[in-house]
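Read the structure below first, then the notes.
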Amino acid sequence: MARRLVPLLLAGLLAGAVALPAAAPARPAALADRIDRVQRQLSTLTEDVDDLREPVAAIDLFDQCMFTLGVSQHGTRGGPVGYLFGARRWPALSLDLDGVGTPTYAFLAFPQEEPPSIECNEDAEPERADG
């Protein structure tokens, strides 16, 4: 994700820096000032992109590892369906693993291995062809 963002940002900045007004030729001093300004802006942009690499990687890892579990609620408080706690019935939750109906809730879930990046990164990597 970050690898795709860097070339786009640099290309956009350079495209704006190269577009000089065609009506009047620039003086050499003004052109040198503009080049210096663009180089400073490019340096600042490069630092900003470098600062964003780690947070973008964390968000990318989160996106690769998280998944949702469908959960449905069955019954109502005091109704005939649910689980018995004390003298009353309470709504029960069940995992909707079959995918037949639309679940009532979608819970975020993460792998339980420690650290989570081991397996979910392997699952997210594209398969390599032999040869």
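Residue numbers (the numbering used here): 49 to 179. Glycine included, C-beta positions come from ideal geometry on N, C-alpha and C.
Residues near residue i in its chain [Cβ-Cβ closer than 8 angstroms; skip 5 each side]
i: Ala157; result: Met114, Phe115, Thr116, Leu117
i: Ala140; result: Gln121, His122, Gly123, Val129, Gly130, Tyr131
Run of the alpha helix (DSSP H) containing residue i, from where it starts to where it stops
i: Ala106; result: 76-113
Residue i beta carbon near the ligand SAH (any heavy atom closer than 7 angstroms)
i: Phe158; result: Of ligands this structure carries none, so the ligand SAH is not represented either.
Endpoints, the beta strand (DSSP E) within which residue i is located
i: Phe158; result: Per DSSP, Phe158 belongs to no beta strand (DSSP E) and is neither H nor E.
i: Arg125; result: Note, Arg125: premise wrong, no beta strand (DSSP E); not H, not E.
i: Leu141; result: 140-143
Close beta carbons around residue i, own chain, < 6 angstroms, minus the five adjacent residues each side
i: Gly149; result: none
i: Pro151; result: Gly118, Val119, Ser120, Asp144
Residues near residue i in its chain [Cβ-Cβ closer than 7 angstroms; skip 5 each side]
i: Gly127; result: Arg137
i: Tyr153; result: Val119
i: Ala106; result: none
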